[in-house]
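Per this note's numbering, the very first residue in the sequence shown carries number 9; after that it's consecutive. Single-structure report; data block below.
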Amino acid sequence: MTQRLSALRSLFRNTAHGVATIDEVRTSPPPSVLAPIDLTDAAQVAAVMNIAARIGSILITNGTTSSDARAQIHTVTSSYGLHYCHIDITVNTMTIHTIIGIERRQPVNVFRVVDDFSENYHKLQEVDRLIRSIRSGATPPERAEHILDTIERERIPHRNLRFMAGWTVMGAAVAILLGGGIFMSALGGLTAFIIMGINKVLSRNDLPYFFHCVIGGFLATVPATLFYHFSTDLGLRITPSQVIATGIVVLLAGLTLVQSLLDGITGSPVTASARFFQTLLFTGGIVSGVATGISVSEFFGAGLPPLETMPAAPTYSSALVRVVGGTVASAAFAVTCFAELPAVFVSAATALAGSSMYYVFLLPLGTGRLLATAACATIVGLAGGLIARRYSINPVITAVAGVTPFLPGSGIYRGMYAIINEQMVVGMTNLSLAVGTCLGLAGGVVFGEWVARRLRRPQTFNPYTAFRRAGRVTFEQIRRAEQATRSRRARRVGGPVRGWSGPAGQ
Numbered sequence: 009m010t011q012r013l014s015a016l017r018s019l020f021r022n023t024a025h026g027v028a029t030i031d032e033v034r035t036s037p038p039p040s041v042l043a044p045i046d047l048t049d050a051a052q053v054a055a056v057m058n059i060a061a062r063i064g065s066i067l068i069t070n071g072t073t074s075s076d077a078r079a080q081i082h083t084v085t086s087s088y089g090l091h092y093c094h095i096d097i098t099v100n101t102m103t104i105h106t107i108i109g110i111e112r113r114q115p116v117n118v119f120r121v122v123d124d125f126s127e128n129y130h131k132l133q134e135v136d137r138l139i140r141s142i143r144s145g146a147t148p149p150e151r152a153e154h155i156l157d158t159i160e161r162e163r164i165p166h167r168n169l170r171f172m173a174g175w176t177v178m179g180a181a182v183a184i185l186l187g188g189g190i191f192m193s194a195l196g197g198l199t200a201f202i203i204m205g206i207n208k209v210l211s212r213n214d215l216p217y218f219f220h221c222v223i224g225g226f227l228a229t230v231p232a233t234l235f236y237h238f239s240t241d242l243g244l245r246i247t248p249s250q251v252i253a254t255g256i257v258v259l260l261a262g263l264t265l266v267q268s269l270l271d272g273i274t275g276s277p278v279t280a281s282a283r284f285f286q287t288l289l290f291t292g293g294i295v296s297g298v299a300t301g302i303s304v305s306e307f308f309g310a311g312l313p314p315l316e317t318m319p320a321a322p323t324y325s326s327a328l329v330r331v332v333g334g335t336v337a338s339a340a341f342a343v344t345c346f347a348e349l350p351a352v353f354v355s356a357a358t359a360l361a362g363s364s365m366y367y368v369f370l371l372p373l374g375t376g377r378l379l380a381t382a383a384c385a386t387i388v389g390l391a392g393g394l395i396a397r398r399y400s401i402n403p404v405i406t407a408v409a410g411v412t413p414f415l416p417g418s419g420i421y422r423g424m425y426a427i428i429n430e431q432m433v434v435g436m437t438n439l440s441l442a443v444g445t446c447l448g449l450a451g452g453v454v455f456g457e458w459v460a461r462r463l464r465r466p467q468t469f470n471p472y473t474a475f476r477r478a479g480r481v482t483f484e485q486i487r488r489a490e491q492a493t494r495s496r497r498a499r500r501v502g503g504p505v506r507g508w509s510g511p512a513g514q
């Protein structure tokens with residue numbers, strides 16, 4: 009038992025004095041300005057930029073905002089002496105540009121397309137450690153390339169088992185979070201298992217993800233309908249809306265709705281717009297699948313019961329159960345994204361803080377749901393940012409996993425159900441509340457993370473501004489380079505310097 013406790017403590021041992029990689033990147037340059045490459049060789053410079061682009065693609069794939077990804081790409085190039093770089097990230101494309109040479113300036117560009125957006129927090133944490141190592145000067149470019157090859161090829165043990173088990177547990181926890189009992193929890197877990205299992209099979213056949221969402225929405229409805237009509241014979245009572253909402257939350261968790269809003273808030277409107285449109289498209293696929301499932305059920309005479317307009321406020325006794333459900337759901341989602349064990353625990357602690365604030369304090373005090381959601385997300389961003397920095401975990405993991413239990417699956421289903429039954433005002437109200445909930449989650453997380461970053465980041469220090477000025481190309485630099493060349497030639501032949509000498513007085 010003592011050995012197990014010691015092993016668990018070693019997982020949480022602090023190795024970075026509570027400073028996140030992104031905080032170090034944004035506040036100070038790399039400690040060494042010695043370049044391990046020839047900065048006048050275009051091939052070596054392009055190879056360094058390619059290392060930075062590969063690191064950036066993993067960051068973007070796993071939900072890092074464009075502004076943070078740019079900062080970390082720049083610290084990689086700066087660590088190898090390439091301090092002057094322009095970095096542009098637009099949706100799934102990345103361009104890195106620099107100019108090399110002393111007398112004859114030569115532009116060098118690297119372009120990369122990010123074509124895989126499947127979240128893998130194990131890779132994200134490995135890349136975070138690689139950035140720290142590069143920044144400290146401990147990893148030369150050749151070694152960095154080898155580590156990146158290993159990260160990209162590495163297979164996670166029991167990948168499929170961990171993936172499906174995580175989604176099953178998450179579905180069961182979300183059902184409890186929505187007010188269900190033990191039987192509802194089992195049904196929610198079964199629904200999540202069916203949805204994600206079939207989607208995993210479909211992904212192997214390159215079916216566009218939009219159809220995954222349609223099929224997932226349909227599968228979220230059919231089990232609820234079947235169990236609702238057979239539950240009376242079994243002497244059980246289920247609430248179909250909770251099962252359907254559980255399936256919607258599971259499907260929404262795989263989308264980038266909150267991440268797209270984070271990009272918009274942090275200053276990347278083009279990327280945010282593209283991701284937001286894509287998320288709306290996929291959400292529309294989920295709604296279409298649910299609507300198809302309801303229509304098919306009614307065609308066979310197995311309609312669903314009427315749905316209340318607004319959800320009832322949870323009681324104090326049920327609030328404690330929902331806090332547990334939110335905590336387990338967040339940890340399970342981190343497991344589905346292959347997060348390391350410390351990140352899973354930290355995600356659970358973050359969700360525990362946010363859920364407690366939401367269900368135990370804010371809602372019983374009569375706070376509006378939108379305001380309570382924003383306050384809860386702020387707690388998630390703050391607590392997750394502080395704890396993640398304490399144990400050297402990328403804050404992106406805790407931010408995304410921490411808000412997952414609060415995704416508006418129930419609101420989307422209520423709005424869609426009302427619109428199908430020609431209750432447009434009620435339907436649009438619920439859908440507007442769902443969008444407002446996502447905005448509250450994104451804004452709260454960004455603000456909480458901003459506070460955590462201000463509390464824990466080191467003092468700003470940037471003495472290498474001269475490197476940026478040296479990277480510019482001007483006619484004055486060209487003129488001086490030509491004068492220097494003519495002077496050297498004149499000294500070699502022993503004659504005077506001929507040619508244009510600049511404006512009068514120089």
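The C-beta atom is built at its ideal place from N, Cα and C for all residues, glycine as well. Since this is a predicted model, take the numbers as computed values, not measurements.
Residues that PRO115 bridges to, as DSSP identifies them = ILE107
Decide if ASP136 is buried, meaning its Cβ has at least 16 other Cβ atoms within 10 Å, or exposed.
-> buried
Please name the residue, chosen from ALA357, LEU370, ARG120, that lies closest to ALA327 on a Cα-to-Cα basis.
-> LEU370
Minimum C-alpha distance to LEU198 - residue among SER281, GLY297, GLY255, GLU32 = GLY255
Per DSSP, what kind of secondary structure is ILE401 in: helix, strand or coil?
-> ILE401 carries a coil assignment under DSSP once its states are collapsed to helix, strand and coil.
Measure the C-alpha to C-alpha separation of ARG78 and ASP96 and round it to an integer number of angstroms.
-> 8 Å
Three-state secondary structure (DSSP) of VAL99 | coil
Alpha carbon to alpha carbon, how far is ARG17 from GLY174?
-> No answer about ARG17 holds up, because its pLDDT of 46 lies below 50 and its placement is not dependable.
Three-state secondary structure (DSSP) at VAL122?
-> coil
Is the closest heavy atom of the ligand GDP to the C-beta of THR279 under 7 Å?
-> Looking at this structure, you won't find the ligand GDP or any other ligand, since it has none at all.
Beta-carbon of GLY224 versus every beta-carbon of chain D: anything under 8 Å?
-> You won't find chain D in this structure, because it holds only one protein chain.
Nearest-angstrom Cα separation, counted from GLN431 out to GLY71 | 36 Å
Those residues which DSSP pairs with HIS1 across a bridge = Nothing can be reported for residue 1: it is not among the residues displayed for the chain, which extend from 9 to 514.
Does the beta-carbon distance from ALA410 to ALA442 come in below 8 Å?
-> The sequence shown places Gly at residue 410, not Ala. Going by C-beta atoms, GLY410 is not nearer than 8 Å to ALA442.
C-alpha gap between PRO248 and ASP157, whole angstroms | 47 Å
Assigned exposure category for GLU8 - 16 Cβ within 10 Å defines buried | This structure does not reach residue 8, given that the chain is present from 9 up to 514, and the question cannot be answered.
Looking only at C-alpha atoms, which of GLY188, MET57, LEU288, TYR129 sits nearest to GLU153?
-> The candidate whose alpha carbon is nearest that of GLU153 is MET57.
Buried or exposed: which applies to ARG21, given that a residue is buried once 16 or more other Cβ atoms fall within 10 Å of its Cβ?
-> Its pLDDT being 46, under 50, ARG21 is placed unreliably in this model, and the coordinates cannot settle the point.
Outcome for GLU162 when other beta-carbon atoms lying within 10 angstroms are tallied against a minimum of 16 | Per the 10 Å Cβ criterion, exposed.
Could you have a look at HIS91 and say whether DSSP puts it in helix, strand or coil?
-> coil
In terms of residues, what are the limits of the alpha helix (DSSP H) holding ASP136?
-> ASP136: member of the alpha helix (DSSP H) spanning 129-143, first to last residue.
Whose C-alpha, out of GLY417, ARG487, GLU127, is nearest the C-alpha of ALA183?
-> GLY417
Residue range of the alpha helix (DSSP H) that GLY197 falls in?
-> 190-211
Rounded to a whole number of angstroms, what is the C-alpha to C-alpha distance between VAL368 and PHE341?
-> If you take the alpha carbons of VAL368 and PHE341, they lie about 23 Å apart.
Should GLY205 and MET172 be called a contact, given that it needs their Cβ atoms to be closer than 8 Å?
-> yes
Are ILE63 and VAL84 touching if we call contact CB-CB under 8 Å?
-> yes
Looking only at its own chain, which residues have a Cβ that is under 6 Å from the Cβ of ILE68, when we skip the five neighbours before and after it?
-> Answer for ILE68: ALA77, VAL122, listed in chain order.
Residues of its chain near VAL99, where Cβ-Cβ distance is below 6 Å and the 5 sequence neighbours each way are ignored | THR279, ALA282
Is the CB-CB distance between LEU90 and THR103 below 8 Å?
-> Remark: C-beta atoms of LEU90 and THR103 do not approach each other more closely than 8 Å.
What residues in its chain sit with their C-beta under 7 Å from that of MET365, if we drop five residues either side in the sequence?
-> Spatial neighbours of MET365 in its own chain (CB-CB distance under 7 Å, excluding positions within 5 residues in sequence) are listed in chain order as ALA383, CYS384, ILE387.
For SER509, which residues of its own chain have a beta-carbon under 7 Å away from its beta-carbon, when the five flanking residues on both sides are left out?
-> Interpretation of SER509 is limited by its pLDDT of 43, a score under 50 that renders its predicted location unreliable; the figure taken from the coordinates is listed afterwards. The answer is none, since no qualifying residue turns up.
In chain order, what residues of the same chain lie with their CB nearer than 6 Å to the CB of PHE119, ignoring the 5 residues before and after it?
-> THR103
Coil, strand or helix - PRO350 by DSSP | helix
Span separating the alpha-carbon of LEU270 from that of LEU463 = If you take the alpha carbons of LEU270 and LEU463, they lie about 20 Å apart.
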